[in-house]
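**Q** Below are the structure tokens for one structure; questions will follow.
Protein chains: 2
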Amino acid sequence: MTVDEPSADRRRAVTEPGFECWGVYSRDCATRRTLARIADKWTILIVGRLSQRACRFGELRRSIEGISSKVLTEHLRDLEADGLIFRTVEPTSPPSVTYELTDLGVSLGRLAISVKDWAEEHADAIHRRPT
Amino acid sequence: MTVDEPSADRRRAVTEPGFECWGVYSRDCATRRTLARIADKWTILIVGRLSQRACRFGELRRSIEGISSKVLTEHLRDLEADGLIFRTVEPTSPPSVTYELTDLGVSLGRLAISVKDWAEEHADAIHRRPT
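In order, the protein sequences belong to chains Y and H.
Quick note: the first sequence, position 118, residue 118 per the numbering used here, numbers continuous.
Quick note: the second sequence, position 87, residue 218 per the numbering used here, numbers continuous.
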């Protein structure tokens, strides 16, 4: 028996055209794409920061060591397209843009903090192992 | 003020040689490397499967659609080196190798299931947005 053997219906849903696949273990499922988006260190770091408070671009870039402007820009654009963050533009000169989590983003923020906390709590156990 | 402004001590810890940096927001910190390891879709999928039960290589490969043998091999090797999984080899012919979570891996397994569940619960909200 394979792991978590799918039912006949689930198998059909995954393999036959006209049936939508479902679940992160299915290659072509939308949930797999969502998993790939959130299981990403930059997403976790950005959403973790924004779960503390709204931030401007420069604040995010300075507070996430090692992120490039290009990578930050791409991630902010994707997170906005996915409805996880929104931007507010103040008509100053130059315009001041603030990024903030949507309700869906706040939910992801809680998960991001759990992932961050796990890494910080257990890195020691992982990295002190004999090699 | 920048986000989560570090204390003078923390700033020194991050920037001066001889002081270990700390925290996932610091580029060179071990916790950042741990975050990169766990914030990875294949890690989440593999550890999620192994949190259901011990599996052999072929079972894992078949039950995680789209993963290549090469990627699965690399991830299993890294997870073993990090003390998150262990292998049991039965002296059959050919030898039968089973992968299982360690206690640390079980802890990561709970997180992996949370990430998987979030993706499955919210993919619809993300992917049905107008583009």
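We treat Cβ as the ideally placed atom computed from N, Cα and C, and that holds for glycine.
Just so you know, these numbers come straight off a predicted model, no measurement behind them.
(1) Could one say the Cβ of residue 213 of chain H lies closer than 8 Å to chain Y's Cβ atoms, at least one of them?
(2) Quick one: any contact between the segment 114 to 126 of chain Y and the segment 155 to 164 of chain H, if contact means 3 or more CB pairs under 8 Å?
(3) In the DSSP output, which residue or residues are listed as bridge partners for residue 132 of chain Y?
(4) Express the C-alpha separation of residue 224 of chain H and residue 153 of chain H in angstroms, rounding to a whole number.
(5) Mind listing the chain H neighbours of residue 74 of chain Y? Cutoff is C-beta to C-beta under 9 Å, in chain order.
(6) What is the DSSP secondary structure of residue 28 of chain Y, counted as helix, strand or coil?
(7) Starting from the beta carbon of residue 24 of chain Y, find every residue of chain H whose beta carbon is closer than 7 Å, and list them in chain order.
(8) Report yes or no: is there a C-beta of chain H within less than 8 Å of the C-beta of residue 134 of chain Y?
(9) Does the beta carbon of residue 27 of chain Y come closer than 8 Å to any beta carbon on chain H?
(10) Should residue 169 of chain H be flagged as near chain Y, meaning a C-beta pair shorter than 8 Å?
(11) Put residue 135 of chain Y into one of helix, strand or coil per three-state DSSP.
(12) Going by beta-carbon coordinates alone, are residue 108 of chain Y and residue 47 of chain Y separated by less than 8 Å?
(13) Check the Cβ of residue 196 of chain H against every Cβ in chain Y and list those closer than 9 Å, keeping chain order.
(14) To the nearest angstrom, how far is the alpha carbon of residue 204 of chain H from that of residue 211 of chain H?
(15) Are there three or more Cβ pairs, one per stretch, closer than 8 Å when the segment 220 to 237 of chain H is compared with the segment 185 to 193 of chain H?
(16) For a cutoff of 8 Å on Cβ pairs, would you count residue 70 of chain Y as touching chain H?
(17) On the DSSP letters alone, give me the boundaries of the alpha helix (DSSP H) that residue 212 of chain H sits inside.
(18) Confirm, please, whether the CB-CB distance from residue 213 of chain H to residue 168 of chain H is below 8 Å.
(19) Rounded to the nearest angstrom, what separates residue 43 of chain Y and residue 75 of chain Y at their Cα positions?
(20) Are the CB atoms of residue 198 of chain H and residue 180 of chain H within a distance shorter than 8 Å?
(21) Do residue 112 of chain Y and residue 51 of chain Y count as a contact pair if the criterion is CB distance below 8 Å?
(22) Express the C-alpha separation of residue 231 of chain H and residue 9 of chain Y in angstroms, rounding to a whole number.
(23) Measuring CA to CA, which of H/216, H/166, H/156 is closest to residue 237 of chain H?
(24) Any C-beta of chain Y sitting closer than 8 Å to the C-beta of residue 242 of chain H?
**A** This is what the structure holds:
(1) Along the second sequence, read from residue 1 onward, the residue named residue 213 of chain H stands at position 82. Yes, residue 213 of chain H lies at the interface with chain Y (some Cβ there is under 8 Å from its Cβ).
(2) Taking 8 Å as the limit for Cβ pairs, the verdict is that the segment 155 to 164 of chain H does touch the segment 114 to 126 of chain Y.
(3) As shown, chain Y starts at 1 and ends at 131. That puts residue 132 of chain Y outside it, with no answer to give.
(4) One-based indexing of the second sequence puts residue 153 of chain H at position 22. One-based indexing of the second sequence puts residue 224 of chain H at position 93. If I take the Cα positions, the gap works out to 48 Å.
(5) Residue 74 of chain Y sits at position 74 when you count from the first residue of the first sequence. Within chain H, no residue comes near residue 74 of chain Y; the closest Cβ sits about 16 Å away, beyond 9 Å.
(6) Your numbering for residue 28 of chain Y matches position 28 in the first sequence. Coil.
(7) Position 24 of the first sequence holds residue 24 of chain Y. Those within 7 Å of residue 24 of chain Y in chain H are 176, 247, 250, 251.
(8) This structure cannot settle anything about residue 134 of chain Y, because the visible part of chain Y is limited to 1 through 131.
(9) Translated into positions along the first sequence, residue 27 of chain Y becomes position 27. With respect to chain H, the C-beta atom of residue 27 of chain Y has a partner C-beta closer than 8 Å.
(10) Counting from 1 along the second sequence, the entry for residue 169 of chain H is found at position 38. Among the residues facing chain Y, residue 169 of chain H is included, as its CB has a counterpart in that chain under 8 Å away.
(11) Nothing about residue 135 of chain Y can be read from this structure; chain Y reaches only from 1 to 131.
(12) The residue you call residue 108 of chain Y lines up with position 108 of the first sequence. The residue you call residue 47 of chain Y lines up with position 47 of the first sequence. Cβ distance < 8 Å, so residue 108 of chain Y and residue 47 of chain Y count as in contact.
(13) The residue labelled residue 196 of chain H in the question sits at position 65 within the second sequence. Those within 9 Å of residue 196 of chain H in chain Y are 14, 21, 25, 26, 27, 28, 29, 32.
(14) By one-based count along the second sequence, residue 204 of chain H stands at place 73. By one-based count along the second sequence, residue 211 of chain H stands at place 80. Answer to the nearest angstrom: the Cα atoms are 11 Å apart.
(15) Yes: the two stretches touch, three or more of their Cβ pairs being nearer than 8 Å.
(16) Taking the first sequence and counting its residues from 1, one reaches residue 70 of chain Y at position 70. Residue contact check for residue 70 of chain Y against chain H: no CB pair falls below 8 Å.
(17) Position 81 of the second sequence holds residue 212 of chain H. Note, residue 212 of chain H: alpha helix (DSSP H), 200 to 212.
(18) Counted from its first residue, the second sequence places residue 168 of chain H at position 37. Counted from its first residue, the second sequence places residue 213 of chain H at position 82. The answer is yes: Cβ separation under 8 Å.
(19) Numbered from 1 along the first sequence, position 43 holds the residue referred to as residue 43 of chain Y. Numbered from 1 along the first sequence, position 75 holds the residue referred to as residue 75 of chain Y. Distance between the alpha carbons of residue 43 of chain Y and residue 75 of chain Y: 7 Å.
(20) Counted from its first residue, the second sequence places residue 180 of chain H at position 49. Counted from its first residue, the second sequence places residue 198 of chain H at position 67. No, the pair does not count as a contact, with Cβ atoms beyond the cut-off.
(21) As a position in the first sequence, residue 51 of chain Y is number 51, starting the count at 1. As a position in the first sequence, residue 112 of chain Y is number 112, starting the count at 1. For residue 51 of chain Y and residue 112 of chain Y, yes; Cβs fall inside 8 Å.
(22) Here residue 9 of chain Y is taken as the residue at index 9 of the first sequence, counted from 1. Here residue 231 of chain H is taken as the residue at index 100 of the second sequence, counted from 1. Residue placement at residue 9 of chain Y cannot be trusted, given a pLDDT of 48 that sits under 50; what the coordinates show is reported in the next sentence. Cα-Cα distance, rounded: 29 Å.
(23) Stepping through the second sequence from its first residue, residue 237 of chain H is reached at position 106. That would be H/216, whose Cα lies nearest to the Cα of residue 237 of chain H.
(24) Translated into positions along the second sequence, residue 242 of chain H becomes position 111. Closer than 8 Å: yes.
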